[in-house]
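What follows is a single structure, written as structure tokens, with notes after it.
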Amino acid sequence: MRTVYSSPVQINPIRQATMNWFEKLKSGIRTVVRRGMPDDLYVKCGRCHQMVLRKHLEENYGTCPHCEHHFRIHYKQFLDLVLDPGSYEEIAQNVKSTDPLEFKDLVKYSDRLKEHGKRSGMTASVSVGVGKIEGRPLGIGIHEFGFVGASLGSAEGERICRLIDRCVNDRVPLVLVCRSGGARMQEAALSLMQMAKINARLTLLSDAGLPYISILSDPTTAGVSASYALMGDINIAEPNALIGFTGERITGSSVGEEELAALRRAQRAEQVLENGFVDLVVPRKNLRATLDRLFGLLLDTRMTGS
674 MRTVYSSPVQ
684 INPIRQATMN
694 WFEKLKSGIR
704 TVVRRGMPDD
714 LYVKCGRCHQ
724 MVLRKHLEEN
734 YGTCPHCEHH
744 FRIHYKQFLD
754 LVLDPGSYEE
764 IAQNVKSTDP
774 LEFKDLVKYS
784 DRLKEHGKRS
794 GMTASVSVGV
804 GKIEGRPLGI
814 GIHEFGFVGA
824 SLGSAEGERI
834 CRLIDRCVND
844 RVPLVLVCRS
854 GGARMQEAAL
864 SLMQMAKINA
874 RLTLLSDAGL
884 PYISILSDPT
894 TAGVSASYAL
904 MGDINIAEPN
914 ALIGFTGERI
924 TGSSVGEEEL
934 AALRRAQRAE
944 QVLENGFVDL
954 VVPRKNLRAT
964 LDRLFGLLLD
974 TRMTGS
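Position one of the sequence shown corresponds to residue 674 (this note's numbering), numbered consecutively onward.
Okay, structure coming up:
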């Protein structure tokens, strides 16, 4: 049997001094925290993956300065982009989303409405009103994706119909900014009825000789794309906006990779333009000027009867 003799561990005195110096240095280091620095100062672009200063993004109309990717922006920002400052007057605010079917899935629909209302400050996913572009009056409605995915329910349908009635009564053109996941499943057939209801009301606008311009933002899908979103006298899409009936989450489980890749291409604004379903693809920064020019042409033409 081997005998093991223990002896005190010997440490080089120079190394010991160095270690002591590092310990003193570490204890003396203080992390400097800059107070008042917001957590969301930068935003990562979903297309080019560059970090963009939020201030620059807002100044650029919610468009990436590196690759021109169009971010989803709040409906108030969109209104500020296209309308004359201070000209927007909201109507039909008393029409609010309710729970007529007392629907419940994982969460009660009534509770879901309260939650989304608290987060977005809205009582329906569509804001409608009247405003002006370069002094020209018009009616405008816009979906807000922050309220139940901008889905179409009974309140939204009623608000849009009241807006159309206002346009007919005031003899002004109509703009609808569409960005929606489609009909709201929690309202079942009641939400599907809104598609036909709005389309029927649009015929009154057409009979009155008033133009309707539809702006398709990202995403415009399902029941909204199958009805009034593509019913405009002129349909304008934002660059690379998703426009189609079913998204890849629905079809992805039933098709292969090649078919899914083809679907992604087919449902983007540029391909939809090539297939003839929209008339223009317009960058957000040019949208206000484009609307002004189009309404000038459409209204002047209809007034002269040519």
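For each residue, glycine too, the CB sits at the ideal point set by N, CA and C.
- If you ignore the 5 residues before and after Tyr761, its C-beta comes within less than 6 Å of the C-beta of Leu752, Gly802, Gly804, all in its own chain and listed in chain order.
- Remark: three or more beta-carbon pairs, one from each stretch, lie closer than 8 Å, so the stretch 760-778 and the stretch 859-875 are flagged as touching.
- Look at the stretch 757-840 and you find these whole runs of beta strand (DSSP E), each 3 residues long or longer: 762-764, 799-806, 809-816.
- A direct Cα-Cα distance of roughly 16 Å separates Arg835 from Met866.
- Annotation: the stretch 938-967 contains no complete segment of the beta strand (DSSP E) (minimum length 3 residues).
- Inside the stretch 849-919, DSSP marks whole beta strand (DSSP E) runs of 3 or more residues at positions 885-893, 907-910, from first to last along the chain.
- Setting aside the 5 residues that flank it on each side, Ile909 is surrounded in the same chain by Ile888, Leu953, Val955, each with a C-beta closer than 6 Å to its C-beta; the list follows chain order.
- A distance below 9 Å separates the beta carbons of Leu967 and Pro884.
- Leu847 sits in a strand when the DSSP states are folded into three classes.
- Distances from the CA of Gly794 to each of Gly819, Ile886, Thr876 were compared; the closest alpha carbon is that of Gly819.
- According to the DSSP assignment, Leu726 belongs to the beta strand (DSSP E) that extends over 724-726.
- Short of 7 Å from the beta carbon of Gln750, and not among the five residues preceding or following it, lie these beta carbons of its own chain, in chain order: Gly735.
- Secondary-structure assignment with DSSP links Lys717 through a beta bridge to Met724.
- Straight-line measurement puts the Cα of Arg941 at about 15 Å from the Cα of Cys851.
- Distance from the CA atom of Ile813 to the CA atom of Leu847, rounded to whole angstroms, is 6 Å.
- Following the DSSP letters along the chain, one finds Tyr748 inside the alpha helix (DSSP H) bounded by residues 748-755.
- Listed in chain order, the non-local C-beta contacts of Ser898 below 7 Å within the same chain comprise Ile916, Gly917, Phe918, local neighbours out to five positions each way being set aside.
- DSSP, read as helix, strand or coil, puts His743 in strand.
- Judged by their CB atoms, Arg785 and Val821 are nearer to each other than the 9 Å cut-off.
- Taking 9 Å as the cut-off, the beta carbon of Ile837 is found no closer than this to the beta carbon of Arg809.
- When only Cα atoms are considered, Ala823 and Gly855 end up about 8 Å apart.
- 9 Å or more divides the Cβ of Ser798 from the Cβ of Gly759.
- Rounded to whole angstroms, the separation of the alpha carbons of Arg727 and Arg720 is 16 Å.
- With contacts defined by Cβ atoms closer than 9 Å, Ser890 and Met868 do not form a contacting pair.
- Here the alpha carbons of Glu930 and Ile886 stand approximately 36 Å from one another.
- Between Leu849 and Ile815, the C-beta spacing is below 9 Å.
- By the CB criterion at 9 Å, Arg957 and Leu754 fall inside the cutoff.
- Straight-line spacing of the CA atoms in Arg857 and Glu763 works out to 23 Å.
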